[in-house]
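Presented below is the structure to which this report refers.
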Amino acid sequence: MRPLHIALAFLVAVIWGANFVVIKLALTGFPPILLTALRFTLACLPVLFIPRPAGIGFKQLALVSTFLFTGHYIFLFMGMDRGMAPGLASIVLQCQAFLTMLFAAGMLGERPKAQQLAGAGIAAVGLAVTGSTVGLDVTWIGFVLTLLAAASWAMGNVLMRRLPPTPTLPLMVWLSTVPPLPVFALSLLVEGPDRVWAALTGFSWTAGLSLLYIVCLSTLVAFGIWGMLLREYKAGVVAPFSLLVPVTGTVAAHLAFGETFGPLRLLGMALLFVGIVITILPLGKRQVATV
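Residue numbering for the sequence shown follows numbering that gives the first Met the number 0, beginning at 0 and increasing consecutively.
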């Protein structure tokens, strides 16, 4: 990869890692379901000048977006609102890597390789060890909701595999047109009109700027760069940079909130991370990353 593109890949990892801290700040002003609706309301505005990807109907967009965006972010935002620490969330959410493999085996008939099964097994042990540390600083409901977010993301990944090839940014923008109305209605139903109105009229500068970060940097800029890199290089060259996201996420959470990890949780997080690395990296003798 060219040095500039390596730098851009690192930038995306930093943006996405810091996003977990930013979500926590945004939740100080917006309830989680409303935050999801606002994120995608703003993220879909570029549809005014970006045409819908060719060969993709709205039903296909709706099905993919329901899992990849709506379920993924409602569960994640609710999990972090209900006690999931941002640094730990950045690690646990990456379970989507081996969950995608499992769902693809069941739905697409893609038989996992021995390397992938070994990685999934190690990651599962790491998840169990990490889960055993849930207590005063992290709630069970927050932990489970974050796992559901990872499962929803993984299902969205598998469903997106069925779509025809298309540039990443237009696809992300048009997928963002699906959540706003139903999620806003869900927010009114679950969080209540009074809480929604109070959030929309009384949010702080911190929450407002955090929302803009989530929409502009985390969604549009980062996905735009990521899509450009995937068009320039093979997926096996670009995808490993996503493993930096939990690293930058845990560092950002430590710097912003002083989040710390005991020995047992560090062991669980390390096993989870190693399992994901084994699952997605081309470690076989025949697989050599090329640029």
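Even glycine gets a Cβ: it sits at the ideal position worked out from N, Cα and C.
Computed from a predicted model, the values in this text were never measured in an experiment.
Asked                                                                                           : Found
Start and end residues, alpha helix (DSSP H) containing Ser186                                  : 179-189
Same chain, Cβ closer than 7 Å to Trp225, neighbours up to 5 away in sequence not counted       : Val11, Thr167
Leu174 and Val46 closer than 8 Å at C-beta                                                      : no
With 16 other Cβ atoms within 10 Å as the buried cut-off, status of Ala113                      : exposed
Alpha carbon of Ile14 to alpha carbon of Ala8, nearest angstrom                                 : 10 Å
DSSP three-state assignment for Leu26, whether helix, strand or coil                            : coil
Span separating the alpha-carbon of Ile22 from that of Cys215                                   : 13 Å
Alpha carbon of Leu144 to alpha carbon of Ser209, nearest angstrom                              : 22 Å
Whole-angstrom distance between Phe272 and Thr259, CA atom to CA atom                           : 17 Å
Ser131, DSSP secondary structure in three states                                                : coil
Length at least 4, wholly inside the stretch 0-88: the alpha helix (DSSP H) runs in chain order : 2-25, 31-42, 57-64, 71-80
Test item: CB-CB of Leu67 and Trp152 under 8 Å                                                  : yes
Beta-carbon proximity check, His71 vs Leu228, cutoff 8 Å                                        : no
Through-space distance from Leu34 to Arg264, alpha-carbon basis                                 : 29 Å
Boundaries of the alpha helix (DSSP H) in which Leu147 is found, first to last residue          : 139-159
Own chain, CB closer than 6 Å to Ile275, minus 5 neighbours either side, in chain order         : Gln93, Ala96, Ala122
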